[in-house]
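Participant: Using the working numbering, the letters of the sequence shown correspond one by one to residues -3 to 139. Sharing a structure below in structure tokens format, with a few things to ask.
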Amino acid sequence: MTYTVDLLDGLARLLAAGGAGVYRPDGAYVAGETAITIAALPPAPDRVVCLSAYPVTDSPVLTDTTTGIQVRTRAGPDPREVDALDDHVHELLHGSGPHRFGAVPVQLVYRVSAAPIGTDASGRWERSANYYARAHRAAPHLE
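Encoded structure:
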């Protein structure tokens, strides 16, 4: 796989192992589950943890990198539900490491910001949190 695919897949599996939800790479979820997805926030089920990656900093000469991970959570009509889901994700990720996700060594994962988003068109509350993963990203021109 690639750096980003390995990183997000590994984080999704870490969250699933910690009881934050169910991760199925094929995206098949049933009502009542908390889905853990990558990049896409599906219309169902109501409870979702969605992971997306974005670059923050890359060393021009070393494999050192910091990758941002947006963790978007959604739950039901009670805002406390999404707060509890976001808290669970924080407990599993913040300050964690070292990890090895596929070919990606990650030294540390930590949260840098979080905010409520409000409700979606179906009245389900959402939050967004941003985590940084300090890792090594191999490339042909780096040591």
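Every residue, glycine too, gets a C-beta built ideally from N, C-alpha and C.
Taking the DSSP output, what are the residues bridged to residue 101?
Facilitator: Your numbering for residue 101 matches position 105 in the sequence shown. Paired residues: 96.
Participant: What are the complete beta strand (DSSP E) segments, minimum 3 residues, inside the segment 2 to 54?
Facilitator: Listed in chain order, the complete beta strand (DSSP E) runs (minimum 3 residues) inside the segment 2 to 54 are 30 to 34, 43 to 54.
Participant: Report yes or no: do the segment 87 to 100 and the segment 37 to 46 share at least 3 C-beta pairs separated by less than 8 Å?
Facilitator: Taking 8 Å as the limit for Cβ pairs, the verdict is that the segment 37 to 46 does not touch the segment 87 to 100.
Participant: By the three-class DSSP mapping on this structure, what secondary structure does residue 131 have?
Facilitator: For the purposes of this step, residue 131 is taken as residue 135 along the sequence shown, with counting starting at 1. Residue 131: strand per DSSP, three-state reduction.
Participant: Please name the residue or residues paired with residue 75 in a DSSP beta bridge.
Facilitator: Sequence index remark: in the sequence shown, residue 75 carries index 79 (1-based). Bridge partners of residue 75: none, in fact.
Participant: What residues are listed by DSSP as bridge partners for residue 60?
Facilitator: For the purposes of this step, residue 60 is taken as the residue at position 64 of the sequence shown. According to DSSP, residue 60 bridges with 132.
Participant: On a Cα-Cα basis, can you pick out the residue from -2, 94, 31 that is closest to residue 85?
Facilitator: Position 89 of the sequence shown, counted from the start, is the residue given in the question as residue 85. Closest option to residue 85, Cα to Cα, is 31.
Participant: Label residue 87 either buried or exposed according to how many other C-beta atoms from any shown protein chain fall within 10 Å of its C-beta, with 16 as the threshold for buried.
Facilitator: Position 91 of the sequence shown, counting from 1, holds the residue named residue 87. So residue 87 counts as exposed.
Participant: Enumerate in chain order the residues of its own chain whose CB-to-CB distance from residue 81 is below 6 Å, with the five nearest sequence positions on each side excluded.
Facilitator: Reading the sequence shown from its first residue, position 85 is the one you call residue 81. These residues qualify, in order along the chain: 69, 71.
Participant: Could you say which of 18, 36, 46, 35 lies nearest to residue 29 if we only look at CA atoms?
Facilitator: What you label residue 29 is simply residue 33 of the sequence shown in a count that begins at 1. The residue with the shortest Cα to Cα distance from residue 29 is 18.
Participant: Tell me residue 141's beta-bridge partners as DSSP assigns them.
Facilitator: Past the edges of the chain, shown from -3 to 139, lies residue 141, and the structure says nothing about it.
Participant: Across which residues does DSSP place residue -1 in a beta bridge pair?
Facilitator: Residue -1 sits at position 3 when you count from the first residue of the sequence shown. Paired residue(s): none; residue -1 is not in a bridge.
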